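First to last, the protein sequences are chains A and B.
To convert, note that position 34 of the first sequence is 62 in our numbering; the numbers rise steadily by one, no gaps.
To convert, note that position 134 of the second sequence is 162 in our numbering; the numbers rise steadily by one, no gaps.
In this text, a Cβ means the ideal position worked out from N, Cα and C, and glycines have one as well.
Values in this document were obtained by computation on a predicted structure and should not be read as measured data.
Read through the structure below, which is laid out as structure tokens, and then see the notes.
There are 2 protein chains.
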Amino acid sequence: MTFITRNQHKAQGQRNPGVSPKTIERLSVYRRTLANLPASTPFIYSHELAAMCGSSAAQVRRDLMVIGTAGCPSRGYAVAELIELIDKRFAGISSHAVALVGAGTLGRSLIAYLQRRYHRLSIAAVFDKDPDLTSRVVYGIRCYPMGELRRVVEEQSISIAVIALPDASAQEVAEQLTAAGITGILNFAPVSLRVPSGTCVVDIDIAAALDKLAFFARTGRDQYLREVMDESRDKHGH
Amino acid sequence: MTFITRNQHKAQGQRNPGVSPKTIERLSVYRRTLANLPASTPFIYSHELAAMCGSSAAQVRRDLMVIGTAGCPSRGYAVAELIELIDKRFAGISSHAVALVGAGTLGRSLIAYLQRRYHRLSIAAVFDKDPDLTSRVVYGIRCYPMGELRRVVEEQSISIAVIALPDASAQEVAEQLTAAGITGILNFAPVSLRVPSGTCVVDIDIAAALDKLAFFARTGRDQYLREVMDESRDKHGH
DNA sequence: TAAGCCATGTGAAATGGTTCACAGAAGAGC
DNA sequence: GCTCTTCTGTGAACCATTTCACATGGCTTA
Numbered sequence: 029m030t031f032i033t034r035n036q037h038k039a040q041g042q043r044n045p046g047v048s049p050k051t052i053e054r055l056s057v058y059r060r061t062l063a064n065l066p067a068s069t070p071f072i073y074s075h076e077l078a079a080m081c082g083s084s085a086a087q088v089r090r091d092l093m094v095i096g097t098a099g100c101p102s103r104g105y106a107v108a109e110l111i112e113l114i115d116k117r118f119a120g121i122s123s124h125a126v127a128l129v130g131a132g133t134l135g136r137s138l139i140a141y142l143q144r145r146y147h148r149l150s151i152a153a154v155f156d157k158d159p160d161l162t163s164r165v166v167y168g169i170r171c172y173p174m175g176e177l178r179r180v181v182e183e184q185s186i187s188i189a190v191i192a193l194p195d196a197s198a199q200e201v202a203e204q205l206t207a208a209g210i211t212g213i214l215n216f217a218p219v220s221l222r223v224p225s226g227t228c229v230v231d232i233d234i235a236a237a238l239d240k241l242a243f244f245a246r247t248g249r250d251q252y253l254r255e256v257m258d259e260s261r262d263k264h265g266h
Numbered sequence: 029m030t031f032i033t034r035n036q037h038k039a040q041g042q043r044n045p046g047v048s049p050k051t052i053e054r055l056s057v058y059r060r061t062l063a064n065l066p067a068s069t070p071f072i073y074s075h076e077l078a079a080m081c082g083s084s085a086a087q088v089r090r091d092l093m094v095i096g097t098a099g100c101p102s103r104g105y106a107v108a109e110l111i112e113l114i115d116k117r118f119a120g121i122s123s124h125a126v127a128l129v130g131a132g133t134l135g136r137s138l139i140a141y142l143q144r145r146y147h148r149l150s151i152a153a154v155f156d157k158d159p160d161l162t163s164r165v166v167y168g169i170r171c172y173p174m175g176e177l178r179r180v181v182e183e184q185s186i187s188i189a190v191i192a193l194p195d196a197s198a199q200e201v202a203e204q205l206t207a208a209g210i211t212g213i214l215n216f217a218p219v220s221l222r223v224p225s226g227t228c229v230v231d232i233d234i235a236a237a238l239d240k241l242a243f244f245a246r247t248g249r250d251q252y253l254r255e256v257m258d259e260s261r262d263k264h265g266h
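Dropping the structure here:
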């Protein structure tokens with residue numbers, strides 16, 4: 029994947045506290061982790077949350093600063109309050125409706141995945157150009173033909189879209205989406221979308237993610253072998 | 029998504045030319061883009077490749093430095109040579125076989141997606157704990173029960189795995205994978221995997237990606253965001 | 001009330017990554 | 001051959017993000 033998000037944060041003069049994209053991602057993870065906590069855990073320390081999220085205590089505290097922090101030195105952070113503060117920082121998100129373009133294998137699995145696992149943003153409509161699929165209901169969501177995109181997006185105030193399509197048509201679809209008023213696109217197609225300024229694109233490039241993994245896994249194994257051969261005495265836990 | 033990548037390339041003190049993960053991802057994108065070029069384009073300039081990949085000319089040149097650059101000032105880069113150099117940098121990747129754990133909706137769509145679109149790494153085996161699926165063939169790939177994981181991984185020298193599962197079992201599966209000798213995991217489950225040092229994990233967190241998108245798409249409507257999230261400016265003309 | 005502990009919040013330093021800017025090279029036109 | 005143009009390759013500057021380190025302050029125990 030790639031996660032080529034290109035946002036150049038310049039001029040954070042005084043407008044907006046300038047939250048970094050990385051921090052936003054982690055806040056999302058923190059929130060999910062916190063929400064899964066048993067009720068028997070009303071408080072949590074930064075190092076505990078860090079361990080659960082694969083982060084570091086300092087990182088967690090730094091991230092939490094942007095939501096107006098609320099930790100108490102001896103108890104840690106109040107879980108419920110944290111969730112609430114994160115939600116407040118994300119305020120408005122819950123009102124976003126999502127459109128999915130592409131009801132193929134990937135599209136359908138995304139519907140299933142998000143319906144099960146994600147409750148703040150929901151898929152409001154599915155679009156596909158295959159006439160066999162349109163005007164049917166896929167996993168409980170109505171599938172429209174592409175021609176109705178603009179109408180449905182406007183009627184339902186949809187602001188973000190997921191592109192789950194083979195490359196060829198992704199750019200064309202992105203243009204239709206932005207023309208219909210979409211301001212955010214989650215793109216699974218392995219192409220770089222050109223969109224008007226003001227529209228945000230997040231790419232998930234599975235092939236690139238695999239390449240990256242293969243590259244580092246290889247060197248990782250070399251490193252492992254090197255360590256094993258060098259000395260077999262000292263095991264480092266971490 | 030998130031792309032919380034936790035690959036501990038700590039201590040790359042002086043070993044390994046120290047290529048950054050971001051550069052590796054982009055090289056993967058460059059290679060794919062180059063491979064799709066028509067034969068009528070034997071040479072390409074850094075700014076052309078940048079425009080195609082949503083990057084900048086300086087970034088492209090900087091990235092290409094790590095593969096031992098080969099550009100000619102007046103012609104640009106020889107496409108075929110570039111591909112070859114990138115492959116050399118990724119040397120060994122082509123020998124990686126991939127295991128997929130989870131033959132549910134997401135798993136199956138990944139098989140289809142990768143079979144169609146990706147030719148350097150291929151899925152060698154699928155594993156699932158559902159007895160209805162195992163010992164069947166899914167999209168042309170044999171599906172084994174979890175119990176055979178270790179044997180198959182060893183027999184086929186599989187070194188990287190994809191986890192396409194609901195959260196609950198992901199950690200457990202990660203442990204089985206690393207025990208079987210896997211050194212790289214592409215994780216779609218929204219949990220933070222704990223793996224032994226030397227194993228590389230790349231997370232694709234679709235829910236976090238959507239959150240990030242929603243956050244920036246929302247603010248994207250503001251004047252401020254226009255500047256911050258700019259996508260297509262910066263890709264200059266020249 | 002005082003002392004000890006431990007975790008927070010946050011400047012400041014370190015690290016990682018991107019962009020700038022320019023020297024140098026190679027073709028094009030004259 | 002000389003000059004003009006335009007590109008590459010790369011040191012240096014710049015910016016973003018992470019980590020360090022410590023002052024601060026609440027809680028507990030006595």
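- For Ser-74/B, the enclosing alpha helix (DSSP H) stretches over residues 74-81.
- In this structure, Val-94/B is the residue among Ile-72/B, Val-94/B, Leu-65/B and Phe-71/B with its C-alpha nearest to the C-alpha of Glu-53/B.
- DSSP places Asp-160/B in the coil class of the three-state scheme, outside both helix and strand.
- Here Pro-173/A carries a strand assignment [DSSP, helix/strand/coil].
- Look at Ala-245/B here: in three-state DSSP terms it is helix.
- Shown here for Gly-175/A: not one same chain residue has a beta carbon closer than 6 Å to its own, the five before and five after excluded.
- For Val-229/A, the enclosing beta strand (DSSP E) has its first and last residue at 228-231.
- Closest option to Val-126/B, judged by alpha-carbon separation, among Ser-56/B, Ile-111/B and Glu-182/B: Glu-182/B.
- For Thr-69/B, no Cβ of chain A is located within less than 9 Å of the residue's own Cβ.
- Proximity of the region 158-169 of chain B to the region 192-200 of chain B falls short of the contact definition, fewer than three beta-carbon pairs being nearer than 8 Å.
- Annotation: Gly-96/A has no Cβ neighbours in chain B at a cutoff of 8 Å; minimum Cβ distance is about 16 Å.
- One finds Ala-237, Leu-238 and Leu-241 in chain A with Cβ atoms closer than 7 Å to the Cβ of Leu-214/B, taken in chain order.
- Rounded to whole angstroms, the gap between the alpha carbons of Ser-150/B and Ala-98/A is 48 Å.
- Within the model, the alpha-carbon separation for Ile-186/A versus Arg-136/A is close to 19 Å.
- Leu-214/A and Ser-220/B have their alpha carbons spaced roughly 22 Å apart.
- Only those residues of the region 193-223 of chain A whose C-beta falls short of 9 Å from the nearest C-beta of chain B are listed: Pro-194, Asp-195, Ile-210, Thr-211, Gly-212, Ile-213, Leu-214, Phe-216, Pro-218, Val-219, Ser-220, Leu-221, Arg-222 and Val-223.
- Following the DSSP letters along the chain, one finds Val-201/A inside the alpha helix (DSSP H) bounded by residues 195-208.
- Around the CB of Pro-159/A, fewer than 16 other CB atoms lie within 10 Å, so the residue is classed as exposed.
- In the structure shown, Val-180/B adopts helical secondary structure according to DSSP, grouped into three states.
- A direct Cα-Cα distance of roughly 10 Å separates Arg-103/A from Ser-74/A.
- In the structure shown, Leu-214/B adopts extended strand secondary structure according to DSSP, grouped into three states.
- In the DSSP assignment, Val-88/A falls within the unbroken alpha helix (DSSP H) covering 85-93.
- DSSP, reduced to helix, strand and coil, places Ala-131/B outside both helices and strands of the structure shown, so it counts as coil.
- Listed along chain A are Thr-133, Leu-134 and Ile-234, each with a C-beta nearer than 8 Å to that of Tyr-141/B.
- In the DSSP annotation of this structure, Ala-119/A is not part of any alpha helix (DSSP H), being labelled neither H nor E.
- At a cut-off of 9 Å between beta carbons, Gly-99/A makes no contact with chain B.
- Straight-line measurement puts the Cα of Arg-60/B at about 15 Å from the Cα of Pro-70/B.
- Taking all protein chains shown into account, Cys-171/B has 16 or more neighbouring C-beta atoms within 10 Å of its C-beta and is therefore buried.
- If you check the CB distance, Asp-231/A and Ser-56/B do not come in under 9 Å.
- CA-CA distance, Phe-244/B to Ala-236/B, rounds to 12 Å.
- Excluding the 5 residues flanking it on each side, Ser-84/A has same chain C-beta neighbours closer than 7 Å at Ala-78, in chain order.
- No Cβ of chain A is located within less than 9 Å of the beta carbon of Phe-155/B.
- The C-beta distance from Ala-140/B to Thr-133/A rounds to 5 Å, short enough to meet the 8 Å contact threshold.
- Closest in C-alpha terms to Phe-155/A, from the list Arg-148/A, Gln-143/A, Arg-145/A and Ile-191/A, comes Ile-191/A.
- DSSP places Ser-220/B outside any alpha helix (DSSP H), giving it a letter other than H or E.
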